[in-house]
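J.: Residue numbers (our numbering), protein chains in the order written: chain A, 219 to 509; chain B, 219 to 509; chain C, 219 to 509.
Dumping the structure here so I can ask a few things about it.
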Amino acid sequence: MEVLAVLNLGDFAQAFSKMGMFPVFDLAYYIVSILYLKYEPGSVEVSRRSPVASWLCAMLYCFGSYILADIMLGSSPIDYFQHNSHILLASAVWYLIFYCPLNLFYKCVAFLPVKLVLVALKEVVRTRKIAAGVHHAHHAYHHGFFIMVIVGYVKGSGVALISNFEQLLRGVWRPDTNEILNMSFPTKASLYGAILFTMQEAHWLPVSKSVLILVFTLFMVTTKVFMTARHSHGSPFALIESWTCHLLFGSPLGGGEDDHHHAAAAAPSSPLKTKEELSEGVRKRKAKKAE
Amino acid sequence: MEVLAVLNLGDFAQAFSKMGMFPVFDLAYYIVSILYLKYEPGSVEVSRRSPVASWLCAMLYCFGSYILADIMLGSSPIDYFQHNSHILLASAVWYLIFYCPLNLFYKCVAFLPVKLVLVALKEVVRTRKIAAGVHHAHHAYHHGFFIMVIVGYVKGSGVALISNFEQLLRGVWRPDTNEILNMSFPTKASLYGAILFTMQEAHWLPVSKSVLILVFTLFMVTTKVFMTARHSHGSPFALIESWTCHLLFGSPLGGGEDDHHHAAAAAPSSPLKTKEELSEGVRKRKAKKAE
Amino acid sequence: MEVLAVLNLGDFAQAFSKMGMFPVFDLAYYIVSILYLKYEPGSVEVSRRSPVASWLCAMLYCFGSYILADIMLGSSPIDYFQHNSHILLASAVWYLIFYCPLNLFYKCVAFLPVKLVLVALKEVVRTRKIAAGVHHAHHAYHHGFFIMVIVGYVKGSGVALISNFEQLLRGVWRPDTNEILNMSFPTKASLYGAILFTMQEAHWLPVSKSVLILVFTLFMVTTKVFMTARHSHGSPFALIESWTCHLLFGSPLGGGEDDHHHAAAAAPSSPLKTKEELSEGVRKRKAKKAE
C-alpha cells in the first residue's frame, strides 16, 4: 500500500511537473502581475499620458524574470519577445486592466475569490520558473552553483529586483530603498527556492526534481493565498530568519526599534513598503481614487 | 510612360538605398548629434572639468543607437567601437565643436543654413539605421516581430532613450521625466518607422524596402528641416495621435490642462522639454552664456 | 655584463608575469577591496539590516572588474561566479571583515603595516587584470584599439566605475558625482595603463609585455603604498595633466577656484571625495563610530 502511495505521488509529481503553463497559468500570471502594476501609485496616470511607457512597464512586470535571466546568462534581454502569442496575450491583459470600459475587467479580477485563484496559479508559474532557471544555468555552467542560485533567484523574483528602474520609467525615483535591502516574501521565497533547486541539481538533496517542484509549489500557493486573503505582509520565515541573522550577522533580534535607530544615520529608513507586500486594501483605495 | 516612371523610381530608390553613408552622411550625423550635446545645459563645463566624461557623452550621442541595438541583441555593447575610423571621425568632431579656438567650428555648423543641410543628412542616416536594425533583428529572429520593432526603434532613437543615464554621466539627474514618458518627434517617428519597416519585412506592406526607405527618408527630412527652420516642436502626428489615444486609451483630448491636472498627483509634471525638442533659440543662448 | 643584466631582467619579468595570483594575491585584493567597502558610510548598518545586500556589494567590490569586462565583451556578467573557490574565499573575507567577533579581523588588516603589504599585493593584481583585459579584447577584436583600451580600463577600475549603482544597492544615491567626472588615482592609472598595454599589444611600444607588466606594477605599488602611508590623495600625474588639459582642452590651470566657479552652474559641485581617495583617517573614524 505504502509503496503504491509513493509511486502514485511520484507519478503525480511527474505529471504535475510536465504540465504546460501556456495559456491558463501564464494568463493568471499576467493578470496578477499587471494588477500589481495598477496598484502602484501613479501608474493609472502614466497609462493615460504615455501608453507606450505603461505598456513597457506591463511587459517588465510580466517578463522581467525572463529579461533578467537572459541578461545574467549573456543572451539577448528581449529574447523572450520572440514568442508573439505570449506578448499579445500579456498586451491584451494590460489593455483590459487599464482601459476596459467601466473598469469592468479590473473589478472582476480584483474580486477577492477570483484573485485568490489567480494568485495560486501565479505561484505555480513562479516555482516552475525557478526550477527552469536553475536547470538552464546548470546546463550552461555545470559546477557554477552560485550562478544557478542567482539565475533561479532572478527567475523567481522578476521585476521586483529592478523595481527602481521600472519606477524610473514611470518618472518615479526612490533611491532609499530597493528589493534587496527590504526583501518581500516572494523575493525571499525565490531565493530559498533557488537554493533548494540548486542543491537538488547538485544531488545534495535526496528528492527528485518533480517532487521538489510539487512540494515547493504547495508551500508557495498556500502561503501566498493565505497572505493575500488576510492582507498580511508577515513572512513565515520571520522567526527563523530573525534568530539566524542574530547569530550569524549580529542583527538585532526582532528588527524593531533598534533596526530603525541604526538605519537612521545611513540610509534614511523609508516608510515605503515593497510592491507585493503593501496592504491590498490601501492599494485598492489608491487605485480607485486615481481613476 | 507610367511604367517607365515606376521603373525609374524603383531604380532610383534602389540606388539610394545602396548609397554608402560613410563618411559624408555619418559626418553630418556626428556634427548634429554633438551639437545637440553642446546645447545641453552644463555640457560645456563638463568638457572643461572632465574631457573623458565629455568624450564618453559624445560617443553615446553618436553611437548610442548601435550600443542599444547591440545590447538588445545580446552582443557586446561596444562592438561598433571596432570601427576605428568612425570613432576617430566622431572624436575629431567632438574636439572641434568643444575646443576649437574662437569656437569657430561650432559657429560654422550652428549657422542655420549649414545646420539645415546637416539635419537633412542626419535624417537620411536615421532612416537607414531603422531599416538596418529591423533587418538585423529579422535575421536573428525570423518571426520576432516585437523584437524587430524594438531593435528598429532603438536604432532610430539612440541616446534619447537612455538620456537619463547619459545625463547621470555629466552629474545631472532628472528622474521625473524620460524619453518614453515624453516622446519627442524623432523618437515617435522612429517608433512608427520601425513598425512600418517590420511590416515590410513581414510582407504585410505591398512596397519594396528601397521604396519605403526613400519615402520615409523624404518624410523625415522635410519634417525635421521644417521644424528646425521654424524652431518648432509641434509634431505632425499630434492631431491623429490625440484622437487615437483618446479613443483607444481614454487620454484627454488636446493633452493640455487636463493632462496637467492628472499628472500632478503621480509624477511631478516637469517643465523640462526633451533633448531635440527644446527651442533652438533658448538653447543657443544657454550654450553661449556657458562659454 | 650588461647583456647578462638584461637577460636576467627579461627572465625575471617573464617569471613574474607568469606567477599565479590565486590564492595569495587574490586574497589581498579581496581584503583591501572589502576594507574599502567597510569604510563607506552606512555600509556597516546595511550589513546588519540586509546581509544579502552587503554580500552583493562585497562581490561587486571584489569582482566588479570581471563583471564589467564581461558586459563590455557581451558575455554573461556573472561568468566569473563559476569559480566557486574564488567566490567562497571572497565571501569568507566579507564575513570576517563585517561580522568577526570583537572586530578582530578588521583591526588586524586595517593596521597600517599589514595594510601597506596588502595594498601592494592588490596593485600587482590590478596590473595583471589590465594586461589580461587588453589581451582578451585583442583576441576578440584584432584591430579594435578603442575596445582594448575600454576593456583594460574597466578591468583596472572595477567597481569604481559603477559606484553610483553600487551605492544605490545600499540605498545611497549621489547623482552629482561619479568616477568619470572626478577620477581617482587608481582609475586614472588604469586608463593610462590600458593605453600603454594596448600600444604594446599593437606593437607600437618597443618593450615586451612581461617587462611592461613588471615596470607598471612597480610604479603602481610604490605610488599606491606611498599614498596610503601618507594618507595622501594627490596624484603623481597632477602637474602634467594640468598642463596637458590646459593646452588641449582649455581647462583652467591649477583646477582650483576657477573650476569651482564654472561647475557651480551645471552640476552642483559636490564636496564628496571618491572612494579610494578619501582620507583614511576620516574613514576609519566613521567606520568605528558606526559600529
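Just so it is clear, CB atoms sit at the ideal spot from N, CA and C, and this is done for glycine as well.
Could you name the residues of chain C that I380/A contacts, counting a contact when the two beta carbons are closer than 8 Å?
T.: None at all; the shortest Cβ gap to chain C is about 11 Å.
J.: Within 10 Å of its beta-carbon, does L465/C have 16 or more other beta-carbons around it, so buried, or fewer, so exposed?
T.: Result: exposed.
J.: Mind checking if F444/C is an interface residue toward chain A, Cβ cutoff 8 Å exclusive?
T.: Chain A contact via Cβ: absent.
J.: Quick check: what's the CA-CA separation for V500/C versus Y257/C?
T.: Confidence is the limiting factor: at V500/C the pLDDT is only 46, short of 50, which leaves the residue's position unreliable, though a coordinate-based value still follows. Spanning the two alpha carbons is a distance of roughly 9 Å.
J.: Taking only beta carbons into account, state which residues of the segment 285 to 297 of chain A come closer than 8 Å to chain C, listed in chain order.
T.: So the list reads I289, M290, L291, G292, given in the order they occur along the chain.
J.: Taking the straight line between their C-alpha atoms, what separation do you get for M375/B and H304/B?
T.: According to the sequence shown, residue 375/B is Ser rather than Met. Cα-Cα distance, rounded: 19 Å.
J.: If you run the structure through DSSP and keep just helix, strand and coil, what is C275/B?
T.: C275/B falls in the helix class under three-state DSSP.
J.: Between the segment 384 to 409 of chain C and chain A, which residues of the former have CB atoms less than 8 Å from a CB of the latter, in chain order?
T.: So the close ones are L386, L387, R388, G389, V390, W391.
J.: Rounded to whole angstroms, what is the Cα-Cα separation between V327/A and L409/A?
T.: Their Cα atoms are separated by approximately 28 Å.
J.: Can you look up E475/B in the DSSP assignment and give me helix, strand or coil?
T.: Note that E475/B has pLDDT 37, beneath the 50 cutoff, so the model's placement of it is unreliable and the number below is only indicative. Note: E475/B maps to helix in three-state DSSP.
J.: Would you give the residue range spanned by the alpha helix (DSSP H) that W391/C belongs to?
T.: Run containing W391/C: none; DSSP gives neither H nor E here.
J.: Taking buried to mean at least 16 other C-beta atoms within 10 Å of its own C-beta, is A396/B buried or exposed?
T.: Per the sequence presented here, residue 396/B reads as Asn, with Ala not at that position. Classification for N396/B: buried.
J.: Determine whether the Cβ of A456/B lies closer than 8 Å to any Cβ atom of chain C.
T.: No, no contact with chain C.
J.: Quick check on H357/C: does DSSP put it in helix, strand or coil?
T.: Helix.
J.: Between L307/A and chain B, is any beta-carbon pair separated by less than 8 Å?
T.: No, L307/A does not count as interfacial toward chain B.
J.: Does any CB atom of chain A fall closer than 8 Å to the CB of A505/C?
T.: Legend: pLDDT at A505/C = 49, less than 50; position of this residue unreliable, no value from coordinates given.
J.: Need the endpoints of the alpha helix (DSSP H) that D297/A sits in, please.
T.: Neither: D297/A is in no alpha helix (DSSP H) and is coded neither H nor E.
J.: For the ligand GTP, I want to know if M239/C counts as a neighbour, meaning its beta carbon is within less than 7 Å of at least one of the ligand's heavy atoms.
T.: With respect to the ligand GTP, the structure shown offers nothing to examine, as it has no ligands at all.
J.: Which residue wins for smallest C-alpha separation from A355/A, given the options L286/A, M438/A, S450/A, S402/A?
T.: Taking only the C-alpha atoms, the option nearest A355/A is L286/A.
J.: Measuring straight from C-alpha to C-alpha, what distance separates T462/A and S309/C?
T.: The straight-line gap from Cα to Cα measures roughly 17 Å.
J.: Does the pairing of the segment 289 to 306 of chain B with the segment 355 to 364 of chain C give three or more beta-carbon distances under 8 Å?
T.: Cβ pair count under 8 Å is three or more, so yes.
J.: With DSSP as the reference, label K340/B as helix, strand or coil.
T.: Three-state DSSP puts K340/B in a helix.
J.: Check whether the Cβ atoms of P269/C and F467/A sit closer than 8 Å, and answer yes or no.
T.: In this structure, F467/A lies closer than 8 Å to P269/C by Cβ.
J.: Distance, Cα to Cα, N226/A vs V429/A?
T.: Going from the Cα of N226/A to the Cα of V429/A covers about 11 Å.
J.: What does S268/A reach in chain B if we use C-beta pairs closer than 7 Å?
T.: By Cβ distance, chain B contributes I398, L399.
J.: What is the rounded straight-line gap between the Cα of L278/B and the Cα of Y279/A?
T.: Computed Cα separation, rounded: 28 Å.
J.: Hey, is H479/B's beta-carbon within less than 8 Å of any beta-carbon in chain C?
T.: Low confidence applies here, because H479/B scores a pLDDT of 38, under 50, leaving its location unreliable and the question unanswered by this model.
J.: Which same chain residues, not among the five before or five after L414/A, have their C-beta less than 8 Å away from its C-beta?
T.: These residues qualify, in order along the chain: L423, L430, F434.
J.: Going by beta-carbon coordinates alone, are V377/A and G282/A separated by less than 8 Å?
T.: Their beta carbons are under 8 Å apart, which means V377/A touches G282/A by this criterion.
J.: Run through DSSP, which three-state label would S426/B get?
T.: Three-state result, S426/B: coil.
J.: I need the straight-line Cα distance from F299/A to L306/A, nearest angstrom please.
T.: About 10 Å.
J.: When you compare only the Cα positions, how much space is there between E341/B and K236/B?
T.: Rounded to whole angstroms, E341/B to K236/B spans 16 Å at the Cα level.
J.: Does DSSP classify I527/C as helix, strand or coil?
T.: This structure gives no information on residue 527/C, because the portion of chain C shown stretches from 219 to 509.
J.: Taking only beta-carbon positions, decide if F230/B is within less than 8 Å of chain C.
T.: Answer no: the Cβ-Cβ gap between F230/B and chain C never drops below 8 Å.
J.: Give me the chain C residues within the contact set of F415/B, using Cβ-Cβ distance strictly less than 7 Å, ordered along the chain.
T.: Going along chain C, no residue has its Cβ under 7 Å from F415/B, so there is no contact; the nearest lies around 25 Å.
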